[in-house]
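Chains A and B supply the protein sequences, listed in that same order. Sequential numbering of the first sequence, starting at 7, is according to the working numbering. Sequential numbering of the second sequence, starting at 7, is according to the working numbering. One structure below.
Number of protein chains: 2
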Amino acid sequence: LLAVAGSPPDGEVWIGDDAAVVAGPPTLLLAADLVVAGVHADLTLTGVDDFGWKAIAVNVSDLAAMGGRPLHALVTVAGPPGSDLDRLYAGIADAAREYACPVVGGDLANAEQLVVSVAVTGTTDGGRPVLRRGARPGDHLFVTGPLGAAAAGLRELRAAAAGPSAGAAAPLAVGANVQAHARPRALPAEGAAARRAGATAMIDVSDGLAADLGHVAEQSGVGLALGRDHIPVAPGATFAEALAGGEDYQLAFAAPDREAVAREFVTAGLAPPVRIGVCTADAAERSLDGTLWPPNLRGWEHEW
Amino acid sequence: LLAVAGSPPDGEVWIGDDAAVVAGPPTLLLAADLVVAGVHADLTLTGVDDFGWKAIAVNVSDLAAMGGRPLHALVTVAGPPGSDLDRLYAGIADAAREYACPVVGGDLANAEQLVVSVAVTGTTDGGRPVLRRGARPGDHLFVTGPLGAAAAGLRELRAAAAGPSAGAAAPLAVGANVQAHARPRALPAEGAAARRAGATAMIDVSDGLAADLGHVAEQSGVGLALGRDHIPVAPGATFAEALAGGEDYQLAFAAPDREAVAREFVTAGLAPPVRIGVCTADAAERSLDGTLWPPNLRGWEHEW
């Protein structure tokens, strides 16, 4: 991990001692997520460097969903001897650089299966973290960008692997959707803009829009009324993939003031988020164009 | 993990959102260690609750070795469906309570093998963290208590499992050494006392005294001259187990002032640490009673 870490600023100690020593802000965000080879990524379809990237990105996305940005990461790796750790660490280092989230410590052990666990600290720079539970009836619902890209990318990769040229030397097509699946992007700038715009609740779309907005609705005690034509579908993705495909890591949030939202995103140089519906007072409501939400969508179920 | 977490103080958010929100001290310690079933513990000999305990304790020990104490823990678990998560979490909760280190977040996923990764934040309450690299020639070397107990306990468990009553319903003997192996104790109070006493370098004995003091010597640029008769051997352990057996989690540290060390430990109500030798100016020296350190001891080698 030494190679991933880089050099600490004066007064800090990173990898190489029993613990890292870093500056702590008054309010700290803490999150941890793990990725398991064969469960969270099929390493016959994407690279082990992509796997490392993803381990960092999903954690940064958790901070983004609070309106925060990362400060430091800790990385533990369990894997079979012979794992391509150099390539894994290269992907971790890519993401650590991209999100200004240096890896300051960690651990490595033998295991039968590759498991990368990342913990991150983060900050909202003095702002109030945006929880899942603050949405109110009448709040507008937004999503930061098109959905379904990662699901479509995985579908494309599987089709290419099963197709006539499978196993040939020709590289698999790497379009935008494949990239969205292989190297999902966390959106801390968008999360901070939403926070500054007065977002009352926010979540990252990791399990699918339906499932994740469901968490917001449950924890906030509000209903959800979405407009089908307002949900932005990534080019090449189906509507079902947009509504139920996970791992897009777009942010979904509730906010009372549409103009404030547009203003904060534009001020930050970001594309304005898409309004997809509204929070309602009937906490049981889950409607799409006024019709009951299809109950059989993937992603609606809670994770194990 | 909800059951493990308990209730956060006012203004904090723990498990149930994208990230936890906690108060951060100005200087933060960060550490992460993982335990893998079959690698760090033989779950035919010790319980999965002990495994959970150990995952927390080894991290608290890393903080103790900086002179710090834990603030919060994040726990990720990868394991086969059917793992006894209730029992695992019970052991995690025991340790979290024991070390006042609440679990504020985490993640759970399927995997072929049980892997528990823990990340902790910690603080030295305004004091300067004790690194591995500050020891100077002439500093006394101390260890906080007897060594070899965990190695002896593992030997006892293996003998009992292989013995005539193996497989019988009779419980394995649970003596002090077995307990030291199954539920190792981290020593944050001792680490803080050593810090206050002016410790110049400190490490926890996880890989064996020889290996771990070797890290201190390398990083500090000092030699080590130990006295064989001064090294405290746990009752029932061999000298080789004391010198090379890992996972005792006693603290080994260097400090210039013997009286200050005794005073700080007594003031804190702790047994005074045992002086086992001295740091020397010859950075290559590794001697025991003036004789070259045996090179073939387990624990001398660096970990993978």
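Here a beta-carbon is modelled for each residue, glycine too, at the ideal position from N, C-alpha and C. Just so it is clear, the structure is predicted and the values come from calculations on it, not from any experiment.
State the start and end residues of the unbroken beta strand (DSSP E) segment that holds residue 123 of chain B.
121-129
Can you tell me which of the three DSSP states residue 221 of chain B falls into?
helix
Just to check, is the beta-carbon of residue 61 of chain B closer than 6 Å to a non-hydrogen atom of the ligand GTP?
For the structure depicted, the ligand GTP is absent and the ligand set is empty, with no information on it obtainable.
Buried or exposed for residue 125 of chain B, please, with buried defined as at least 16 other CB atoms from any protein chain shown within 10 angstroms of its CB.
buried
Verify the CB distance criterion: does residue 123 of chain B have a CB-CB separation below 7 Å to chain A?
yes
Name the DSSP beta bridge partners of residue 81 of chain A, please?
A:112 and A:124
With a threshold of 8 Å on Cβ separation, who are the neighbours of residue 264 of chain A within its own chain once the five nearest residues in sequence on each side are excluded?
146 and 281
Compile a chain-ordered list of the residues in the stretch 102-124 of chain B whose CB is closer than 8 Å to at least one CB of chain A.
110, 111, 112, 113, 114, 115, 116, 117, 118, 119, 121 and 123
Taking residue 15 of chain A as the reference, give the member of A:110, A:47 and A:95 with the closest Cα.
A:110
Could you tell me the distance, in whole angstroms, from the CA atom of residue 103 of chain A to the CA atom of residue 29 of chain A?
So the two alpha carbons sit approximately 19 Å from each other.
With a threshold of 7 Å between beta-carbons, can residue 231 of chain A be considered close to chain B, or not?
Taking Cβ atoms only, chain B never reaches closer than 7 Å to residue 231 of chain A, which makes this a no.
Taking only the alpha-carbon atoms, compute the straight-line gap between residue 283 of chain B and residue 257 of chain B and give it to the nearest angstrom.
14 Å
If we cut at 7 Å on Cβ distances, does residue 68 of chain B have a partner in chain A?
yes
Show which residues of chain B have a CB atom less than 8 Å away from the CB atom of residue 128 of chain A.
25
For residue 81 of chain A versus residue 112 of chain A, is the C-beta spacing smaller than 7 Å?
Inclusion of residue 81 of chain A and residue 112 of chain A in the CB contact set at 7 Å is warranted, their separation being smaller than that value.
I'd like the span of the beta strand (DSSP E) that includes residue 293 of chain B, first residue to last.
292-294
Could you tell me whether the Cβ of residue 138 of chain B comes closer than 7 Å to any Cβ of chain A?
yes
Can you list, in chain order, the residues of its chain whose CB lies under 7 Å from that of residue 231 of chain A, leaving out five sequence neighbours each side?
283, 284, 286, 291 and 293
Roughly how many angstroms separate the alpha carbons of residue 262 of chain A and residue 26 of chain B, rounded to a whole number?
Answer to the nearest angstrom: the Cα atoms are 24 Å apart.
From the beta carbon of residue 49 of chain B, is the nearest beta carbon of chain A less than 7 Å away?
Not a single C-beta of chain A is nearer than 7 Å to the C-beta of residue 49 of chain B.
Could you run through the stretch 27-45 of chain A and flag, in chain order, every residue whose CB is less than 7 Å away from some CB of chain B?
27, 28, 29, 30, 31, 32, 33, 34, 35, 36, 37, 38, 39, 40, 42 and 45
Pick out the complete beta strand (DSSP E) segments inside the stretch 185-220 of chain A, 3 residues or longer, and give them in chain order.
207-210
Note the first and the last residue of the continuous alpha helix (DSSP H) segment covering residue 276 of chain B.
Per DSSP, residue 276 of chain B belongs to no alpha helix (DSSP H) and is neither H nor E.
Let me see if you follow: with CB-CB separation under 7 Å, is residue 194 of chain A close to chain B or not?
no
Just to confirm, is the Cβ distance from residue 270 of chain B to residue 203 of chain B under 7 Å?
yes
Looking only at DSSP bridge pairs, what is residue 163 of chain A linked to?
According to DSSP, residue 163 of chain A bridges with nothing at all.
Identify each residue in the stretch 205-219 of chain A for which the Cβ-Cβ distance to at least one residue of chain B is less than 7 Å, and report them in chain order.
209 and 210
Examine chain B for any beta-carbon lying closer than 7 Å to the beta-carbon of residue 80 of chain A, and answer yes or no.
yes
Listing by chain order, which chain B residues have their CB less than 7 Å from the CB of residue 88 of chain A?
Chain B residues near residue 88 of chain A: none, gap ~12 Å exceeds 7 Å.
So which residues on chain A does residue 74 of chain B lean against when the C-beta distance must stay under 8 Å?
Chain A residues near residue 74 of chain B: 25.
Once the 5 residues before and after residue 41 of chain A are set aside, which same chain residues still bring their CB inside 6 Å of it?
60, 61 and 122
What did DSSP end up calling residue 58 of chain B once you bin it into helix, strand or coil?
Helix at residue 58 of chain B.
Measuring only the C-alpha atoms, how far is residue 195 of chain B from residue 186 of chain A?
48 Å
In terms of alpha-carbon separation, which member of A:154, A:170 and A:69 lies closest to residue 130 of chain A?
A:69
When we look at the beta-carbon of residue 37 of chain B and count the other beta-carbons within 10 Å, is it buried (16 or more) or exposed?
By the neighbour-count rule (16 or more Cβ atoms within 10 Å), residue 37 of chain B is buried.
Residue 239 of chain B to residue 85 of chain A, Cα distance in whole Å?
35 Å
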